[in-house]
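Encoded as structure tokens, the structure appears first; notes follow it.
2 protein chains.
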Amino acid sequence: MTPVWTRPTLASGQLRQVLEQIYRDRPMLHFTAGQTVPLPQDSIWVVCRGIALITTSYESGDEALLGLAGPSMPFGSALSWVMPYEVQALTDLDLIRLKLVEIEQTPLLAQDLFLMLAQRHRQTEMLLSLIGQRRVEDRLRNFLQLLGREFGQPEDQLLRLNCRLTHQHLANALGTTRVTVTRLIGQFRREGWLDFDDQRHLVLKGLL
Amino acid sequence: MTPVWTRPTLASGQLRQVLEQIYRDRPMLHFTAGQTVPLPQDSIWVVCRGIALITTSYESGDEALLGLAGPSMPFGSALSWVMPYEVQALTDLDLIRLKLVEIEQTPLLAQDLFLMLAQRHRQTEMLLSLIGQRRVEDRLRNFLQLLGREFGQPEDQLLRLNCRLTHQHLANALGTTRVTVTRLIGQFRREGWLDFDDQRHLVLKGLL
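In order, the protein sequences belong to chains A and B.
For the first sequence, position 14 (counting from the first letter as 1) is numbered 14 according to UniProt numbering, and the numbering increases by one without interruption.
For the second sequence, position 114 (counting from the first letter as 1) is numbered 114 according to UniProt numbering, and the numbering increases by one without interruption.
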């Protein structure tokens, strides 16, 4: 799980400043948790703050998670072939819009984006490897640990996830049922490495 | 399934020439089908010709497909968090090696790589959406169609895949058994849209 090639991690306020500086004068949009993010064909979005939930749905009515885009990660319909491709603000969300034509004309911008996309790609591949695990218990355990490592805020000896993922979100992400997720989360809490705080935010222990 | 933002497709010989021109003087390595590709930590590979099979394995002994890198797609351990991360030449394979430090110092190279990585990312996300389908029949049908669209050579009214994927490869890719793959492929042949030629290469009809 050790990425070889990442940029130094910035605290989230600092990162937001850096992104705004780099992409000065670019339209930035704010979305509140739960809102749907529009996906213009001529642009991609880069996350400044918050987490975007990227999903697809099937004819059967089932849904599946395609990814979670956090700070400095790009997403957009130009980066996907999957149809339908739907994005929702999982937390309050600040996004910067980059036009494809600008990226093609600005090598320095593309260089930043390459690193950002590499980060998203590693996550997508990690999700793919999780989903391939036969036991739902392994899938859920590894998925929660991935979330903690990618999006958790370190505090004392634990990682706190500043968003609410419902059991149904987790079930969709992992191709299982809400009932199974609820049972396994109970088990993980008894094992002592996972808990929820007063605001129903996920708290993970022993990963730091 | 329509990518919005791709480069014009080049015939595979032409693409190889273009890649060699762009990345002149870079080490190029040849692998024969079946060989394992080494994964130096300080570099990524870009495919010039052929297809690389990227897999992981679990403690249970199961294997899973993480992706198929075809012409102009990058891969390498710097682009992955998954452990183990294993790459094998599925066909004869020509690869160009790019050092991470070169990419960081060459914005124009990063710009090319961004487009190439976007292509890989779209495929990985597509695999993720396939795996989430409940019915194995839907998974296999959509996976074979993805392969045809990405790697098939158009000929008359059909797409021919110039590589041999065993039923076991397909079973690993889709989290099912070899027996199920064999049964479903029999069904798809009877449906008339899929066949094998004398060399056991996959042939898909009605996708063009």
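Where a beta carbon is used, it is the ideal one built from N, C-alpha and C, also for glycine.
No experiment lies behind these values; they were computed from the predicted model shown.
Short Cβ contact (8 Å threshold) for residue i with residue j
i, j, result
"B:Leu95", "B:Leu53", "no"
"B:Leu170", "B:Val179", "no"
"A:Thr124", "B:Glu20", "no"
"B:His121", "A:Leu117", "yes"
"A:Leu145", "A:Gln88", "The question names Leu, yet the displayed sequence has Gln at residue 145 of chain A. It is not a contact, given that the beta carbons lie outside the stated cut-off."
"A:Leu174", "A:Arg139", "yes"
"B:Leu158", "B:Leu202", "no"
"B:Pro84", "B:Ile44", "no"
"B:Leu90", "B:Phe31", "no"
"A:Leu128", "A:Phe143", "no"
"B:Asn162", "B:Gln168", "no"
"A:Pro71", "A:Cys48", "yes"
"A:Pro107", "B:Gln105", "no"
"A:Arg160", "A:Asp197", "yes"
"A:Val136", "A:Leu194", "no"
Per DSSP, the bridge partner or partners of residue i
i, result
"A:His30", "A:Asp94"
"B:Arg160", "B:Gln153, B:Val203"
"A:Ser129", "BP columns for A:Ser129 are empty, so no partner."
"B:Arg49", "B:Asp94"
"A:Phe143", "Paired residues: none, contrary to the question."
"A:Val87", "A:Ile54"
"B:Glu63", "B:Ser57"
Assumed close pair residue i, residue j - CB separation to whole angstroms, cut-off 8 Å
i, j, result
"B:Leu100", "B:Ala78", "6 Å"
"A:Ala98", "A:Val46", "It is worth fixing the name first, because residue 98 of chain A is Leu in this sequence and not Ala. Correct: roughly 6 Å between the Cβ atoms."
"B:Glu86", "B:Asn172", "That pair is no contact at about 12 Å."
"A:Leu39", "A:Gly76", "6 Å"
Residue environment, residue i, which counts as buried when at least 16 other CB atoms sit within 10 Å
i, result
"A:Glu150", "buried"
"residue 212 of chain B", "Here chain B comprises residues numbered 1 to 208, so residue 212 of chain B is not present and cannot be evaluated."
"A:Thr56", "buried"
"B:Ser60", "exposed"
"A:Arg141", "buried"
"B:Gly132", "buried"
"A:Phe114", "buried"
"B:Arg189", "exposed"
(request) Quick one: which residues of the region 33–65 of chain B get their C-beta closer than 7 Å to a C-beta of chain A? List them in chain order. (result) Gln41, Thr56, Tyr58, Ser60, Asp62, Ala64
(message) Against chain B, which members of the region 125–155 of chain A pass a CB distance test of less than 7 Å?
(response) Glu125, Met126, Leu127, Leu128, Ser129, Ile131, Gly132, Gln133, Arg134
(request) Identify each residue in the region 108–127 of chain B for which the Cβ-Cβ distance to at least one residue of chain A is less than 7 Å, and report them in chain order. (result) Leu108, Ala110, Gln111, Leu113, Phe114, Leu117, Ala118, Arg120, His121, Arg122, Thr124, Glu125, Met126, Leu127
(request) Residues of the region 73–86 of chain B with a CB closer than 7 Å to any CB of chain A: list them in chain order, please. (result) Ser77, Ala78, Leu79, Ser80, Trp81, Val82, Met83
(message) Under 8 Å, CB to CB, which of the residues in the region 175–187 of chain A have a partner in chain B?
(response) Gly175
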